[in-house]
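Heads up, the thing below is written out as structure tokens.
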Amino acid sequence: MILEVKGINKSFSGKQILHDVSFTVTSGKAMGFLGRNGAGKTTTIRTLMDVFKADSGEFILDGKPFVPTHYRVGYLPEERGLYGKEKILDQLIYFATLRGANHKQAKESAEYWIERFELTYAKNHKLETLSKGNQQKIQIAQSLLNDPEIVILDEPFSGLDPVNSQILKEVIVELIQKGKLVIFSSHQMNYVEEFCDEITLIDKGKVILSGNLKQLKSDMGQSRLRLKANHVSQNELISTLKEHVKDISIDYDKHSLIIECLNHKTKQDLLEDIVRLKIDVELFTHYEPSLNDIFVMKVGEEHA
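Just so it is clear: in the sequence shown, position 231 is 1249 by this note's numbering, and no numbers are missing.
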């Protein structure tokens, strides 16, 4: 399946929230939908799910207008909406039947996900008696009932500890491997980077970057290099380079210096400068930005 989001605009009370939002999602590849709080991620997802009507634009699935009720869609909204005073198993069965399962199918699906999230002991407990993290796992379970074809998870890792986060990671990887169409919305870059092939970055309701994550990293790191020297501090190395080497821009992180070659200076030119200065090199390699680096860079450029 290929889902195309085309030119979505949305306003509330005369204030435009989404501005021509467009991106594409393909089955078998998770798309990380990224942005700061208030960037427009949740509004986009709600228009996709027909919770809100878009002012203009369209959602196309395999060449036809996308109607959520015509497909098995698993949706985890940012605001949670299960019933605190109802038993866990009972309400998961209820939600599964609302999505078209008979009672037997609903019970099997509910019990499978309760067990998958290691909550069998609590299946007859009221939801409000569980910890925040365990309540979140039940919220996620309801989005996966009845084997959805399309899975949309809005901030799924909220409230999960490292152990439960690992369980959810494994579930998401399985969904991808089964060829599901997965949209994963978050502002937590480390989780997205682990299993998303594609990313879309939104800021102030505008898409400012969209594409294959590996290719974006390669493109954005093209003119940058990592440099680390033995027996010298970062500050001393920076001072030496600034004094003796032209046409470079120097940044750094906790691992090494990050050097950008300017004005047609090449990697070979820089290496010759380093040899001339008799710097004892520990690391000299291509720089590949992290997803967090890309996010900070692109959002910073947008605000600048």
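Don't be surprised by glycine CBs; every beta carbon is placed ideally from N, CA and C.
Report yes if the CB atom of residue i is closer than 7 Å to the CB atom of residue j, and no otherwise.
i: Phe1202; j: Leu1171; result: yes
i: Asp1073; j: Lys1028; result: yes
i: Ala1048; j: Cys1214; result: yes
i: Val1039; j: Ile1026; result: yes
i: Phe1077; j: Leu1066; result: yes
i: Arg1064; j: His1205; result: no
i: Ile1111; j: Ile1156; result: no
i: Leu1094; j: Ser1031; result: no
i: Met1207; j: Leu1288; result: no
i: Gly1318; j: Ile1035; result: no
i: Ile1132; j: Lys1144; result: no
i: Ser1127; j: Asn1164; result: yes
i: Leu1301; j: Ser1274; result: yes
i: Gly1046; j: Gly1229; result: no
So with Cβ pairs under 7 Å, would you call residue i a contact of chain B?
i: Ala1114; result: The chain inventory of the structure shown lacks chain B, comprising one protein chain alone.
Could you tell me the alpha carbon to alpha carbon distance between residue i and residue j, rounded to whole angstroms?
i: Leu1243; j: Lys1260; result: 16 Å
i: Ala1322; j: Lys1283; result: For Ala1322, the pLDDT reaches just 47, beneath the cut-off of 50, and the residue's location in the model is therefore unreliable, although a value from the coordinates is still provided. The alpha-carbon atoms of Ala1322 and Lys1283 are separated by roughly 26 Å.
i: Asp1291; j: Cys1279; result: 12 Å
i: Thr1147; j: Leu1199; result: 33 Å
i: Asp1237; j: Leu1219; result: 16 Å
i: Lys998; j: Glu1096; result: Because the chain spans 1019 through 1322 in this model, residue 998 falls outside it and cannot be assessed.
i: Glu1129; j: Thr1044; result: 30 Å
i: Val1023; j: Phe1084; result: 10 Å
i: Lys1103; j: Gly1118; result: 24 Å
i: Lys1285; j: Tyr1089; result: 51 Å
i: His1249; j: Val1263; result: 20 Å
i: Val1191; j: Ala1159; result: 15 Å
i: Lys1033; j: Asp1221; result: 15 Å
i: Ile1194; j: Thr1042; result: 16 Å
i: Ser1149; j: Gly1099; result: 16 Å
i: Glu1212; j: Gly1075; result: 31 Å
i: Glu1254; j: Val1293; result: 16 Å
i: Ile1185; j: Thr1258; result: 48 Å
Give the DSSP-derived three-state secondary structure of residue i in the structure shown.
i: His1262; result: helix
i: Phe1302; result: strand
i: Ala1322; result: Per-residue confidence for Ala1322 stands at a pLDDT of 47, beneath the threshold of 50, marking its modelled position as unreliable; no derived number is given.
i: Leu1137; result: coil
i: Asn1310; result: helix
i: Gln1157; result: helix
i: Arg1294; result: helix
i: Met1238; result: helix
i: Gln1034; result: strand
i: Glu1146; result: helix
i: Thr1218; result: strand
i: Ser1045; result: coil
i: Lys1198; result: coil
i: Lys1283; result: coil
i: Leu1171; result: strand
So is residue i buried or exposed if we call it buried at 16+ other beta carbons inside 10 Å?
i: Glu1216; result: buried
i: Pro1174; result: buried
i: Tyr1101; result: exposed
i: Gln1233; result: exposed
i: Met1315; result: exposed
i: Gln1109; result: buried
i: Asp1298; result: exposed
i: Val1225; result: buried
i: Lys1059; result: buried
i: Val1181; result: exposed
Once the 5 residues before and after residue i are set aside, which same chain residues still bring their CB inside 8 Å of it?
i: Thr1010; result: Residue 1010 cannot be examined here, being either before or after the span of the chain that is shown, 1019 to 1322.
i: Ser1183; result: Phe1175 and Tyr1209
i: Tyr1270; result: Gln1252, Ile1256 and Ile1276
i: Leu1227; result: Ile1217, Thr1218, Leu1219, Leu1234, Ile1312 and Lys1316
i: Thr1061; result: Lys1028, Ile1035, Leu1036, Phe1070 and Gly1223
What does a CB cutoff of less than 6 Å around residue i pick up in its chain, not counting 5 residues either side in sequence?
i: Ile1277; result: Leu1243, Leu1245, Ile1266 and Ile1268
i: Thr1303; result: Arg1244
i: Arg1134; result: none
i: Glu1306; result: Lys1235 and Gly1239
i: Gly1092; result: Ser1161, Leu1162, Pro1166 and Val1169
i: Asn1281; result: Asp1265
Excluding the five sequence neighbours on either side, which residues of its own chain have a C-beta within less than 7 Å of the C-beta of residue i, listed in chain order?
i: Asp1068; result: Pro1086
i: Gln1154; result: Ser1176, Gly1177 and Leu1178
i: Ser1241; result: Glu1278 and Cys1279
i: Thr1138; result: Ile1132
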